[in-house]
Amino acid sequence: MMRKILSTVVVLAVMSLAYFYTFEYNSIGEIQSKIETTSDSLASEPLQMAPTILYGMVVDSFQVEEHAVKRNQSISDILLAYNVSHQTIFQLANLSKNVFDVRKIAPNKKYTVIYQEEDSFPSAKALVYEPNPEEYVVFNLKDSIKVYVEKRPVTIEEKSISGTISSSLYEEILNNGGTPELVDLVADMYGWQIDFTKIYPGDQFKVLYRERVIDGTPVGIEEIIGAELVHYNNPFLSIAFDQGDGVDYFDEEGKSLRKAFLRYPVKFTRISSRYTAKRYHPVQKRYKAHLGTDYAAPNGTPIYAAGDGVITKAQYEKYNGRNVKIRHNATYSTQYLHMSRIASGIRPGGKVKQGQLIGYVGSTGLATGPHLCYRFWKNGRQVDAMKVDLPPSEPIKEDYLSNFNRYKGFVKSKLDKIPYPESEEEVLMAGMQ
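Using my numbering, the letters of the sequence shown correspond one by one to residues 141 to 573.
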């Protein structure tokens with residue numbers, strides 16, 4: 141019985157090795173030779189475990205600790221705790237200037253310390269900082285100091301999502317497996333067709349998109365391919381198409397969904413106060429005109445330029461706090477108030493592009509809490525940004541129209557295959573039949 145078991149084990153082992161080496165050797169003779177050599181080595185050499193690889197480094201003889209960067213914590217603070225000298229930290233900072241600016245280490249980002257115990261004290265041999273899910277910075281201190289950036293392999297997967305809105309687009313997309321980034325992209329895409337602050341319960345959406353994935357984990361949206369949003373029983377189709385100057389979104393007739401200005405200069409949020417000729421001011425305790433639109437958002441939320449233009453103001457003022465004003469052309473100007481800080485490089489005379497970061501939400505100046513007060517001028521007079529009639533971006537050019545129509549048909553066929561989820565009423569009706 142024992143001899144039979146041993147024979148079976150040997151046969152399985154040989155079959156496994158043959159399967160493995162088929163990928164490396166072309167001929168049966170090579171496979172046989174390799175199996176014989178491997179069998180001899182297995183008999184004469186002890187079995188060895190594969191080394192543990194972390195961030196491209198063998199770490200079997202080291203200890204590893206993972207942490208998140210604390211507020212106001214610097215690379216010096218991190219390394220000094222692992223007995224790295226001030227001189228070495230200074231050399232490391234200088235060496236990394238052209239690779240990664242150590243001053244940009246940010247709170248809540250992950251870092252890993254690889255170290256050894258020397259004289260009962262931890263001594264760092266490498267620090268790995270992860271600024272985003274797709275790459276990491278290695279500060280190697282083991283022999284000579286080295287600093288380099290590595291990128292993780294990313295795959296692009298096509299995905300789809302659909303839903304019926306009960307309260308908000310944000311909640312429905314997240315409830316169906318989407319991300320806040322996808323919400324922002326959909327809101328930006330439909331920003332001039334649909335007022336998302338007035339979304340209707342029962343409205344439906346479906347989105348076809350490509351997502352970046354690392355080791356099976358989604359890390360970001362690559363692009364939206366197409367979408368359909370049914371608002372008050374009216375379908376709004378969106379098709380992504382590049383006609384030579386970057387991807388834009390178009391409706392079924394080839395008209396651009398994007399206007400010359402963004403509707404929302406901050407990512408999808410709620411309007412806390414609208415443009416009005418008479419509003420009770422919460423700070424001044426009196427009624428006065430509010431010639432802007434207030435967007436409630438957490439402190440530090442990015443603020444983006446609503447359109448291309450030239451910066452005419454970027455400063456602190458008593459009532460407006462830190463603010464930026466942009467002249468877009470002879471007709472239109474916009475202003476962004478109460479910023480916690482103005483973005484780097486934003487100064488009077490500089491040019492900005494639509495969607496460019498210009499600052500961050502705050503509560504500076506005459507404000508009770510963090511929000512953006514967004515003001516809009518037309519022909520020198522302040523108007524309601526939510527109601528002003530603006531020119532659309534360029535529609536599909538004649539030279540691209542036939543290509544667009546073919547591509548539109550392809551995307552529509554894929555969208556048509558994405559089912560809308562059944563409503564509660566439909567589920568009940570189906571159960572009664």
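In this text, a Cβ means the ideal position worked out from N, Cα and C, and glycines have one as well.
It should be emphasised that the depicted structure is a prediction, and the values quoted were computed from it without experimental measurement.
For R462, the enclosing beta strand (DSSP E) begins and ends at 461-467. Of I218, D524, G342, the smallest CA-CA separation from E206 is found for I218. Along the length of the region 429-507, whole alpha helix (DSSP H) runs at least 4 residues long do not occur. Burial is judged here by how many other beta carbons sit within 10 angstroms of a residue's own beta carbon; Q475 has at least 16 and is buried. In the DSSP annotation of this structure, the continuous segment of the beta strand (DSSP E) that includes Y514 starts and ends at 511-518. Cα atoms of F336 and S307: separation of roughly 11 Å, rounded to the nearest angstrom.
Note that the C-beta distance between N316 and I305 is not below 8 Å.
Judged by their CB atoms, I536 and I498 are not nearer to each other than the 8 Å cut-off. The C-alpha of D391 lies about 33 Å from the C-alpha of V464.
In the structure shown, the three-state DSSP call for N374 is strand. If you look at T228, you'll find it in the alpha helix (DSSP H) that goes 226-235. Y288 is bridged by DSSP to V278. Between L530 and K399, the alpha-carbon positions lie close to 7 Å from each other. If you draw a straight line from the Cα of E270 to the Cα of Q333, it comes to about 38 Å.
The shortest CA-to-CA distance from R350 to any of Y372, F376, G318, S533 is the one to G318.
In terms of CA proximity to K291, Y195 leads the group S553, Y195, I482. Leaving aside the five residues that flank N519 on each side, the residues in its chain whose CB is nearer than 8 Å to its CB run, in chain order, T471. One Cα belongs to N545, the other to P358, and the distance between them is close to 31 Å.
Per DSSP, V326 is one residue of the alpha helix (DSSP H) stretching across 320-329. Apart from the 5 residues on each side of it in sequence, Y560 sits with its Cβ closer than 6 Å to the Cβ of S302, Q344 in its chain, given in chain order.
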